[in-house]
Amino acid sequence: MTAEDLFDRQLAAIADRDLEALLGQYHDDATVVRFDRVARGPAEIRDLFAAYLSAEPKVDEIVSVRTTDDVIFYNALMTIAGNRVTTYGTLVIRDGRIWRQTAAAAPLT
1 MTAEDLFDRQ LAAIADRDLE ALLGQYHDDA TVVRFDRVAR GPAEIRDLFA AYLSAEPKVD
61 EIVSVRTTDD VIFYNALMTI AGNRVTTYGT LVIRDGRIWR QTAAAAPLT
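Under UniProt numbering, read the sequence shown as residues 1 to 109, first letter to last.
Shown next, in the form of structure tokens:
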């Protein structure tokens, strides 16, 4: 499994709004860092992504993505809760799953 495969699965889980598939991507001791909150471990990450998926996120365009063996850095245009945003983030991979994630979104003007 490559970083590209993991990223493709991540995008598919978001498109399908499949919480269990999304959670299956994350390491047991994963941490997700956003400006508005930090989620650590399975329970907090479940709460974070349940709320995220309820906002009906849609990836409109992958603007840029760079991968290495263990890091994915991306920029995407998305619609979240009806608002168009540009998103940036990193996914750090350990043992084939996401171990650390950062994510930020800024409104498109």
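Positions of the beta carbon are idealized from the N, C-alpha and C atoms, including for glycine.
Please report the straight-line C-alpha distance between residue i and residue j, rounded to a whole angstrom.
| i | j | result |
| --- | --- | --- |
| T79 | K58 | 5 Å |
| A50 | L77 | 21 Å |
| I98 | D70 | 9 Å |
| A81 | E56 | 6 Å |
| Y26 | T109 | 32 Å |
| T86 | D8 | 19 Å |
| T2 | A39 | 25 Å |
Find out if the Cβ-Cβ distance for the pair residue i, residue j is shorter than 9 Å.
| i | j | result |
| --- | --- | --- |
| A21 | A30 | no |
| D60 | R84 | yes |
| Y74 | L53 | no |
| L19 | R46 | yes |
I believe residue i touches residue j by the beta-carbon criterion, under 8 Å. Please report the beta-carbon distance rounded to the nearest angstrom.
| i | j | result |
| --- | --- | --- |
| R37 | L48 | 7 Å |
Helix, strand or coil, according to DSSP, for residue i in the structure here?
| i | result |
| --- | --- |
| G96 | coil |
| L91 | strand |
| residue 117 | The chain is shown from 1 up to 109; residue 117 falls before or after that span and cannot be answered. |
| R34 | strand |
> For the stretch 52-83, which segments carrying the beta strand (DSSP E) assignment without a break, of at least 3 residues, lie completely within its bounds, in sequence order?
Replying inline: 58-67 and 71-80
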